[in-house]
Amino acid sequence: MTKKIFTVAITLILSAAMQANAQTPYSIYGLGTLDDNTLGVNSGMGGVGYAIDNNKQINPKNPASYAAMDSLTFLFDIGMNVDVNWMKEGKLKETKTTANFDYAVLQFPMGKRFAASLGVMPYSNVAYDYSSYINMGAFSRTGTGGITQVYFGAAAKIWKELYFGVNAAFMFGNITHSTTILPSSSYNVMAMVDMVEFHVTDYKIELGLRYTQPINEKNSLTFGFVYTPGKKMLGKRYTNTYSLNSSDNTTTMSYSDTISLKNNYDMSSSYGVGVGYKWNNRLILGADVTYQPWSKASFLPLWERQGAVTDTKGNLHDRLRISFGGEYRHDQYARQYMRRIRYRLGAYYDDSYLKIGDSNLREIGATIGLGFPLLQDRSIVNLSAQYFHRKLSTGSAVTENGLIISIGISFNEMWFFKSKLQ
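The sequence shown maps to residues 388 to 809 in my numbering.
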């Protein structure tokens, strides 16, 4: 049954990659809004995951965590999001609401010391739509698409409580930006449409380490480290400009250009460090720091032609994300259902990689979450709410306040357990 659910989930996630994403005008910059391999459990804890010691939940944020699972257990997790974004610029206000299937991942053992994981998750999302009036008519910009990653990860227990893991992801997707100028009838000027399309076919490697140091029978500390090497992007960028003649409804291509992403765009390296504390299988606390030096990555500005800019570095900002969170459950064996529910809290600060003029985008947020056990605590329904505030570091522009509701179901099945009872 779970195999069928996973197959359906993969189809839904891949189709959702072509559908509406969370709307934000700032996704016009860079590759859009980046995702951080965050599943339903992590969402309620501020997004922490580099050093979380929980062998009943899949944790792609650190691939080393796979090998810490029970060697008889098969795990499967699927999730979706509902995003509500309240945007304000001066006296102008707008609300956007979207819903998407978010991820589908599974994890399985490969012996007592090895385990693997497979799944589909977003890497980046682009979704914006805004317009304004100019002297000669109307001006509008829209953006859609994103990059999806299909990953396979493997991990091993290499010594006592020391684990090492690798995620290898195939990345694909299309991002389309279009600008339309519609002149008023008083101007003898044709309408113009300028389109820039990114077709990405790429890969990514993530390396993870995790070590747990027991303090006593009930307490332990866990340390995690995740590294993603930077690399040149693979794919194509297509730029086409069209002139529209309203009198006879004809379209003329006035400019066309195709360039390789490899020569003009880089993906930044990423460094993640985390520490976690666990008490008596009841309390889990964690803190993560992520640093990505995007300012060193080449990134040709969206509307620039190849060769028009001599130095394509410095167009993005170094990213720093600090997050912390925790989970508490009174007693996993309690008869009272409320005592077996997992309660989660978290918060984060994200100094974004997006650079707008001399400013960069900053975001702060708080999260709450609940984990509802099912089927003798083998499976869990994860529900979380994330509130965020997003604005530029300097100057006045669009300010965003948003709410993200995440719903995930984690299945835990004893696929590799053979009963001795006949």
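The C-beta atom is built at its ideal place from N, Cα and C for all residues, glycine as well. As the structure is a prediction and not an experimental result, all values here were calculated from the model.
TODO: Would you mind working out which of 680, 610, 589, 448 sits nearest residue 700, comparing C-alpha positions?
DONE: The shortest C-alpha separation from residue 700 is found at 680.
Open item on the list: What does the alpha-carbon distance come out to for the pair residue 541 and residue 439?
Closed with: Taking the straight line joining both Cα atoms gives about 18 angstroms.
- [ ] Check each candidate in 468, 446, 648 and name the one with the smallest Cα separation from residue 376.
- [x] The question about residue 376 has no answer, for the chain in this structure spans 388 to 809.
Open item on the list: Here's the rule I'm using: 16 or more other beta-carbon atoms within 10 Å means buried, otherwise exposed. How should residue 604 be labelled?
Closed with: exposed
TODO: With DSSP as the reference, label residue 430 as helix, strand or coil.
DONE: helix
Open item on the list: By alpha-carbon positions, which one of 426, 479, 764 ends up nearest to residue 490?
Closed with: Answer by Cα proximity: 426.
TODO: Could you have a look at residue 415 and say whether DSSP puts it in helix, strand or coil?
DONE: helix
- [ ] Answer yes or no: do residue 649 and residue 703 have a C-beta to C-beta separation smaller than 7 angstroms?
- [x] In this structure, residue 649 keeps its C-beta atom at 7 angstroms or more from the C-beta atom of residue 703.
TODO: Ignoring anything shorter than 3 residues or poking outside the stretch 641 to 703, list the beta strand (DSSP E) runs there in chain order.
DONE: 657 to 666, 670 to 679
TODO: Decide if residue 721 is buried, meaning its Cβ has at least 16 other Cβ atoms within 10 Å, or exposed.
DONE: exposed
Task: Residue(s) in a DSSP beta bridge with residue 498 - done: In the DSSP output, where bridge partners are listed per residue, residue 498 has none listed.
Task: C-alpha distance - residue 419 paired with residue 578, whole-angstrom precision - done: 27 angstroms
Task: Limits of the alpha helix (DSSP H) - the one that residue 724 falls within - done: 724 to 727
- [ ] From the DSSP output, in three-state form, read off residue 760 for me.
- [x] In the structure shown, residue 760 sits in a strand (DSSP, three-state: E or B).
Open item on the list: Within 8 angstroms, do at least three Cβ pairs link the stretch 592 to 611 to the stretch 459 to 466?
Closed with: no
Task: Beta-carbon spacing of residue 779, residue 739 below 7 angstroms - done: no
Open item on the list: Give me the residue from 499, 485, 487, 503 with the minimum Cα distance to residue 493.
Closed with: 503
Task: Beta-ladder partner(s) of residue 468, from DSSP - done: Per DSSP, 487, 793.
Open item on the list: So, at 6 angstroms on beta carbons, what are the nonlocal neighbours of residue 790 in its own chain, with the 5 sequence-adjacent residues on each side left out?
Closed with: Beyond the five residues adjoining it in sequence on each side, residue 790 comes within less than 6 angstroms, by CB distance, of 471, 774 in the same chain, given in chain order.
Open item on the list: Taking the straight line between their C-alpha atoms, what separation do you get for residue 441 and residue 620?
Closed with: 34 angstroms
- [ ] State the DSSP-derived secondary structure class of residue 598, mapped to helix, strand or coil.
- [x] Of the three classes helix, strand and coil, the one that applies to residue 598 here is strand, per DSSP.
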